[in-house]
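Reviewing the structure listed below.
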Amino acid sequence: MQLYIDIPDFPLRRAVKCLIYYEDYTADHAFEQLLPDGSTQLVIELDGNPRVLCGKNDTQTSRTFRDIWITGIQHQTVTYAGEEKASTLTIQFEPGGLFQFLGIPATEFQDNMIPADLLSVSELSSLREKLMDIQDPQTLLNRTKSLLTQKLDFNNREAELVHHLRRQLDLGNQTLKEIGNSTGFSNKHLIHQFKKLAGTTPKQYQKISRFNQALNLLNQKDTLSYCQVAYGSGYYDQAHLINNFQQLSGYTPSQYQKAIKSYPHVIASGLKR
Numbered sequence: 069m070q071l072y073i074d075i076p077d078f079p080l081r082r083a084v085k086c087l088i089y090y091e092d093y094t095a096d097h098a099f100e101q102l103l104p105d106g107s108t109q110l111v112i113e114l115d116g117n118p119r120v121l122c123g124k125n126d127t128q129t130s131r132t133f134r135d136i137w138i139t140g141i142q143h144q145t146v147t148y149a150g151e152e153k154a155s156t157l158t159i160q161f162e163p164g165g166l167f168q169f170l171g172i173p174a175t176e177f178q179d180n181m182i183p184a185d186l187l188s189v190s191e192l193s194s195l196r197e198k199l200m201d202i203q204d205p206q207t208l209l210n211r212t213k214s215l216l217t218q219k220l221d222f223n224n225r226e227a228e229l230v231h232h233l234r235r236q237l238d239l240g241n242q243t244l245k246e247i248g249n250s251t252g253f254s255n256k257h258l259i260h261q262f263k264k265l266a267g268t269t270p271k272q273y274q275k276i277s278r279f280n281q282a283l284n285l286l287n288q289k290d291t292l293s294y295c296q297v298a299y300g301s302g303y304y305d306q307a308h309l310i311n312n313f314q315q316l317s318g319y320t321p322s323q324y325q326k327a328i329k330s331y332p333h334v335i336a337s338g339l340k341r
């Protein structure tokens, strides 16, 4: 397998967290669990093979995705059938970035995955076609960034407000009320705009953000105690870390560290092939 991660330059970086491309990937296990990473994503399969999303319980049927689809911000782990000889390009958007690209509220995709052909957006239907014949990975990534830059609305005032709010939430120096006072907007307006463009509330965004900080610390080579991970991720204490971690991933930090992982957000599941 070959893996490429591209973090774009400004101004695209304001809307796009990163582009991830991998080719010729085959999972070692029958299933893979994807943990919440706090982003909405545009996923493009480039190998012609379907992806199968498993139902969350015995009463839900699996779903098959082809070509191109949008994954909204997730608040729980989702399970896929393990891929075989897969080539995939994933565009991870910052909060508000997908809205700048499509003009569709991110709440439409929250905890869901929507095939592009259901959205009637011409840019999506042609995007995969423009990328399919590109063989060189770096050329593929550069072409994708160029197409995104041409389409993104960098002057969207709603997105600018959400970018500012997200930055302040990441810094953790101000309460939502204090941010509202500095911008002249009420808490209700800030929450509404953030949820519309990011797909979740500011409170839930912070919860997922802390979880991802904990993931990074748990995957460091240097062994840290769970108290150190908790305080380093913005949790009140170890119990707060464990409770939040289980809610979002279905694992305790200890179980997560023992799990077989392709990378921090992907956990192998089921029998080995």
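Here the working numbering = 1-based position in the sequence shown + 68. Ideal Cβ placement from N, Cα and C applies to all residues, glycine included.
Closest in alpha carbon position to residue 295, among 287, 307, 288, 284, is 307. For residue 74, the uninterrupted beta strand (DSSP E) segment begins and ends at 70 to 74. In the DSSP assignment, residue 183 falls within the beta strand (DSSP E) that extends over 181 to 183. With respect to residue 130, residue 120 sits close: the two C-beta atoms are nearer than 8 angstroms.
If you draw a straight line from the Cα of residue 88 to the Cα of residue 74, it comes to about 6 angstroms. Residue 97 has 340 as its beta-bridge partners, per DSSP. Residue 89 carries a strand assignment under DSSP once its states are collapsed to helix, strand and coil. The C-alpha of residue 108 lies about 7 angstroms from the C-alpha of residue 166.
Between residue 106 and the set 203, 269, 176, 185, the nearest pair of CA atoms involves 269. In this structure residue 257 is exposed. Its beta-carbon is surrounded by fewer than 16 other beta-carbon atoms within 10 angstroms. Within its own chain, the residues whose Cβ lies closer than 7 angstroms to the Cβ of residue 189, once the five positions on either side in sequence are excluded, are 170, listed in chain order.
Straight across, the Cα-Cα distance linking residue 193 with residue 199 is about 11 angstroms.
By the C-beta criterion, the segment 315 to 335 is judged to be in contact with the segment 278 to 287, since at least 3 inter-stretch pairs fall below 8 angstroms.
Beta bridge pairing from DSSP links residue 191 with no other residue. DSSP places residue 176 in the helix class (H, G or I) of the three-state scheme. Using a 10 angstroms sphere on the CB of residue 312, the tally of other CB atoms reaches 16 or more, which defines it as buried. Non-local C-beta neighbours of residue 158 in its own chain, meaning closer than 8 angstroms and more than five positions away in sequence, comprise 87, 88, 89, 109, 110, 111, 112, ordered along the chain. Beyond the five residues adjoining it in sequence on each side, residue 173 comes within less than 6 angstroms, by CB distance, of 264 in the same chain, given in chain order. Cβ neighbours of residue 302 within its own chain (closer than 7 angstroms, five residues either side excluded): 240, 278, 281.
DSSP, reduced to helix, strand and coil, places residue 220 outside both helices and strands of the structure shown, so it counts as coil. Residue pairing of residue 119 in beta bridges, as defined by DSSP: 133. For residue 168, the uninterrupted alpha helix (DSSP H) run begins and ends at 165 to 170, by DSSP. Look at the beta carbons and you see the segment 132 to 146 touching the segment 174 to 181: at least three pairs across the two are nearer than 8 angstroms.
Residue 248 has its alpha-carbon roughly 50 angstroms from the corresponding atom of residue 339.
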